[in-house]
Structures are given as structure tokens and as C-alpha cells.
Amino acid sequence: MKGGLIAAIAATFSWSLLYLLPNLIGEYSTFDLAVVSYAFAGLGSLGVLARFRRQLTTLTLGDWLTVGLLGFLGYIGYFFLITSAVIAAGPVIPPVMLGCVPIVLAIAGNLRSQAIPWRSIAAPLLLGALGIMMVNASSFERADGQASQPAAMVLVGILISLLAIGFWTAFGLLNERALSTRPGMDPLLWSALLILTCSIEMAAFLPVGLYLKLSSFVSHGGALKGTSAVLFCGLVQGLGATLGGAWAWSIATRSIPLALGGQLIASETLYATTFGLLIQHRWPSPLEALGTATLFLGVTVAIRQFYRADQRRRQGSS
């Protein structure tokens, strides 16, 4: 279980880089960064698959279809849903709603597996939800005075955000099931397959991004500042946050219950908040500080409760 905890924490830390790197790419857009990062991630995945070339011959069509679906749900489709939600409802409401993903995933995971009694997980879930709400409430405070979106567009953005929450929850549940039915599958091989299909899907979705005018590189004719930065950040995001994060999450999925893994995803908010404060060169507001402390307490209590439950199972089976 300890190895799974370390892997989950590594995965959430790598994913939190997705909040930091877009601030370092000059005039390029998040979409431009995503395209570059998936190009590097795809190349890295090919390198990994070369190591497992013998195992590739044993893969079935079902394996490829499964990783293709998972890649769409958890990565490419999820990315475009978030982007569309922000376009429709503005930059505040969708991220706040998507902060509920760890809580929803933890509840869905425990509903399916009953890994721990609800009375044991209720407190950390409530603490986590409260902490996320308090941290994200600062977004509304900073948004005061900014132009608001039309009510109809905000509603569309909210609906798209709910769909995005459903996408990642489905990814978490289906990925756990896929790995459990493939006990001989190496987590690194599985992650490389997943990210390779993501890279292919990103290439297929390029016209969608161009249609939505998400690429600053295309819109401005290619003469943008920050080319070296976007290439470096794309390398870090592609190999670290994307391929590396998928690998760490695959290890965690094999080792700890999804109900705990979902709760640990909440720690991503801790890292992202820290990165945001560093970028803005400021101390946290009282609400941010209280929310971060509450969220940290929730994650700590969750780990403690699951560890105790694991110890009781071990003693009962001995």
C-alpha cells in the first residue's frame, strides 16, 4: 500500500505541473502547449513500446480499443471539454466545478468496491470538499469586476463541466477495471499504450482546435515569442506530467483502492495552489490558507483511515 501511496502522490504532483507550465510559454496558447506535449509524449511512448516489443504481439484488438477509449475519456476528450467550458462560461466557474472530481471519483470508487465503511470515509470526504471549495472561492473574489458571460453561455459551460466530471470519473473506474482484468500487464507498458493513443487522438482532433481558434501559433502566423519555452515546457509536460503521470497512476491503481486514489487527487489542488502563489509572488489569503489546511487534513485523515482498514484486513487474514 505504501508504494501505491507514493505513486499516487507522484502522479498528482506531476499533474499539478499542468497548472504551472501554461504560465511559462510566452505568447503561445494552452492548446499549442498540449499539441507539443503530446508530440513528445507520443515519441516517449514509442520508445517505451520498443522495450516491450515482444509483449506487443500478445495484445488484442480489445486492448487497443480499451486504451483508445480511456485516452479519450481521461485526456483528449476531457481536455477539449474543459477548454469548451472555459470558452462558454469564463475562466472561473469550470475550474471550481472540476475541483469536485476527486470527491466524485472517491465516492464512485467506494460505491463499487466498498473498500472502506462509509462512516470511515465520510469525514475526509467532507474535509476535502470543504477545502477545495474554500481554495477555489478565491477565484470568485479575484473575478469581481470582470465582464460576465451571458446567462445562457454560463449554463452551457456548467453542463459541459458536468460532462467533463463524468468523463474523468468514468476514466478512473474503467481504468481500474481494465488493469484488474489484466494482472500480467506491466503498468509502464499500459501507460505507454494509453498515451500513444492519446497522441494519435490529439492529432485527429487538431482540426477541432483550429476551428475553435485555440492555437495562437496559427492565429498569429507563427511569429510568437516563447518558442524555446513552449518546446521545453512541452517536453516536461509530455514526458513528465503526461507519460510519467500515467505510469505513476497505473501503479497506484494497482496498489490502492480507487476510493483512496480519488481522495489523493485532491492533493493536486495543494500543489497547484502553491505554484499559483509562487507565480503571483504573494502569500495566500486567509481563505486560501484555511482551505489548503483543511484539504491537507482531509487527505491525511483519508490515508490514515485506509491504512487502518488495510491493517485490519491483514490481521483478519492471518
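Numbers given in our numbering equal positions in the sequence shown, counted from 1, plus 9. Ideal Cβ placement from N, Cα and C applies to all residues, glycine included. Predicted model only: the values in this text are computed from it and were never measured.
Of all the alpha helix (DSSP H) runs that stay within the bounds of the region 145-204, which reach a length of 4 or more residues? 160-189
Look at the alpha carbon of Leu79 and the alpha carbon of Leu203, and state the distance between them as a whole number of angstroms. 7 Å
Alpha carbon to alpha carbon, how far is Ala173 from Met388? Give it in angstroms, no decimals. The chain is shown only over 10 to 327; residue 388 falls outside these bounds and no answer can be derived.
Might you give, ordered along the chain, the residues of its own chain that have their beta carbon closer than 8 Å to the beta carbon of Val239, omitting 5 neighbours on each side? Ile34, Gly35, Tyr37, Asp41, Leu42 and Val45
Any idea if Leu65 is buried or exposed, counting beta-carbon neighbours within 10 angstroms, 16 or more meaning buried? exposed
Between Ala16 and Ala261, which are expected to be in contact by the criterion C-beta below 8 Å, what is the C-beta distance as a whole number of angstroms? 4 Å
Provide the residue span of the alpha helix (DSSP H) that contains Cys109, from first to last. Where Cys109 is concerned, there is no enclosing alpha helix (DSSP H), given that its DSSP letter is neither H nor E.
Tell me, please, whether the region 281-296 touches the region 113-122 by the rule of three or more beta-carbon pairs shorter than 8 Å. no
For the putative contact between Val245 and Leu55, defined by C-beta atoms under 8 Å, what is the C-beta separation to the nearest angstrom? Incorrect: roughly 18 Å between the Cβ atoms, too far for contact.
I'd like the span of the alpha helix (DSSP H) that includes Tyr28, first residue to last. Lys11 to Leu29
Separation of Ala275 from Ser129, as counted between CA atoms: 18 Å
Excluding five sequence neighbours on each side, which residues of the same chain lie with their C-beta closer than 7 Å to the C-beta of Gln314? Ile125, Ser129, Ile130 and Pro133
Determine the direct distance from the alpha carbon of Gly243 to that of Leu58, and round the result to whole angstroms. 21 Å
Same chain, Cβ closer than 7 Å to Leu139, five either side skipped, listed in chain order: Thr303
Euclidean distance between Cα positions of Gly249 and Thr178: 22 Å
To test your reading of the DSSP string, which unbroken alpha helix (DSSP H) runs of 4 or more residues are found completely within the region 223-274? 225-228, 236-245, 254-264 and 267-274
Between the C-alpha atoms of Phe226 and Thr39, what's the straight-line distance to the nearest angstrom? 11 Å
Leu328 versus Leu171, Cys109 and Phe89, residue with shortest Cα-Cα distance: For residue 328 there is no data in the structure shown, the boundaries of the chain being 10 and 327.
Gly154 to Val163 span [Cα, whole Å]: Per-residue confidence for Gly154 stands at a pLDDT of 49, beneath the threshold of 50, marking its modelled position as unreliable; no derived number is given.
Going along the chain, which residues of its own chain have a beta-carbon closer than 6 Å to the beta-carbon of Ser259, five neighbours each way excluded? Pro196, Trp199 and Ser200
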